[in-house]
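Converting from the sequence shown to my numbering requires adding 101 to each position, the first position being numbered 1.
For every residue, glycine included, the Cβ atom is placed at its ideal position computed from N, Cα and C.
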Amino acid sequence: MAYFPMFIDIEKKKCLVAGGGTVALRKVRVLLDFGAQVMVVAPQIDSQILRLTGNVCVKERTFEPEDLKECVLVVAATDDAAENHRIAQLARENNIPVNAVDQQEDCSFIFPSYLKHRDLVGAFSSAGNSPVLTQYLKESLKEILTEELGQINDYMGSIRPVVKTRIETEKLRRQVYQTILARLLAEKKTSLLPEELEQILIQEKRTKE
102 MAYFPMFIDI EKKKCLVAGG GTVALRKVRV LLDFGAQVMV VAPQIDSQIL RLTGNVCVKE
162 RTFEPEDLKE CVLVVAATDD AAENHRIAQL ARENNIPVNA VDQQEDCSFI FPSYLKHRDL
222 VGAFSSAGNS PVLTQYLKES LKEILTEELG QINDYMGSIR PVVKTRIETE KLRRQVYQTI
282 LARLLAEKKT SLLPEELEQI LIQEKRTKE
């Protein structure tokens, strides 16, 4: 079964990780990479988790159903399959997306391999069939999805209000963005000078006329 690749905003939102071992550590780091407020609950917690800085709240105790309150997603990463199943069931009953580590039947979402530079994210999933293959894809695309593309993405987002105001139709706006992207890539730049952008906008309007 292929998983639908839905991207969601978890920045400053509560995400629960039940478990305190090395697997939980990996999941916590991913969630922090996307700006989540992470709550870690486990009787014993890895020292590396305890040393993490940022939006991490640690509770050294067993999971309680009340921990699900206000969560936008849950990760069940204990070393007890039955406990992971129980946590997953409770999460589903509360309509919260849940990932139970190494228990695909208890997952409503999975963690993909991903590349991230600023707001630009590329993710790869094998529906749990072959993590080795998704890791291969990630490594293969590192030379394409670069920090520079992340900067270009930021720039393209910053000029959207201007382009939308100056260029009337969606079709023409797409052409403008394609022209800008092609120029940035060809000139190995991450942004245009204001006068360069203005030149492109004027040229596109003249082409329309």
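- With respect to the C-alpha of residue 153, the residue from 130, 137, 169 having the closest C-alpha is 130.
- In this structure the region 174 to 190 touches the region 109 to 129; the number of beta carbon pairs closer than 8 Å is three or more.
- Counting every other CB atom within 10 Å of its CB across the protein chains shown gives residue 102 a total below 16, marking it as exposed.
- In this structure residue 235 is not in contact with residue 241, their Cβ atoms being roughly 11 Å apart against a cut-off of 8 Å.
- Residue 217: member of the beta strand (DSSP E) spanning 214 to 218, first to last residue.
- Where residue 140 is concerned, the enclosing beta strand (DSSP E) starts and stops at 138 to 142.
- By the Cβ neighbour-count rule, residue 286 is exposed, with fewer than 16 other Cβ atoms within 10 Å of its own.
- Contact fails between the region 154 to 174 and the region 213 to 221, because fewer than three Cβ pairs, one in each stretch, are under 8 Å apart.
- Around the CB of residue 214, 16 or more other CB atoms lie within 10 Å, so the residue is classed as buried.
- Between the alpha carbons of residue 271 and residue 260 lies a gap of roughly 15 Å.
- Only buried fits residue 264, as 16 or more other CB atoms lie within 10 angstroms of its CB.
- Three or more pairs of CB atoms, one per stretch, sit closer than 8 Å, so the region 286 to 300 contacts the region 245 to 253.
- In the assembly as shown, residue 303 is an exposed residue. Its beta-carbon has fewer than 16 other beta-carbons within 10 Å.
- By the Cβ neighbour-count rule, residue 233 is exposed, with fewer than 16 other Cβ atoms within 10 Å of its own.
- By the Cβ test, the region 189 to 207 is not in contact with the region 131 to 142, since fewer than three Cβ pairs between them sit closer than 8 Å.
- Classified as exposed, residue 245 has fewer than 16 neighbouring CB atoms from the shown chains inside 10 Å of its CB.
- For residue 168, the CB contacts under 6 Å within the same chain, skipping 5 residues up- and downstream, are 117, 142 in chain order.
- Rounded to the nearest whole angstrom, the CA to CA distance from residue 147 to residue 157 is 13 Å.
- Bridge pairing for residue 174: 116 [DSSP].
- Rounded to the nearest angstrom, the gap between the Cα atoms of residue 174 and residue 279 is 36 Å.
- For residue 223, the three-state secondary structure derived from DSSP is strand.
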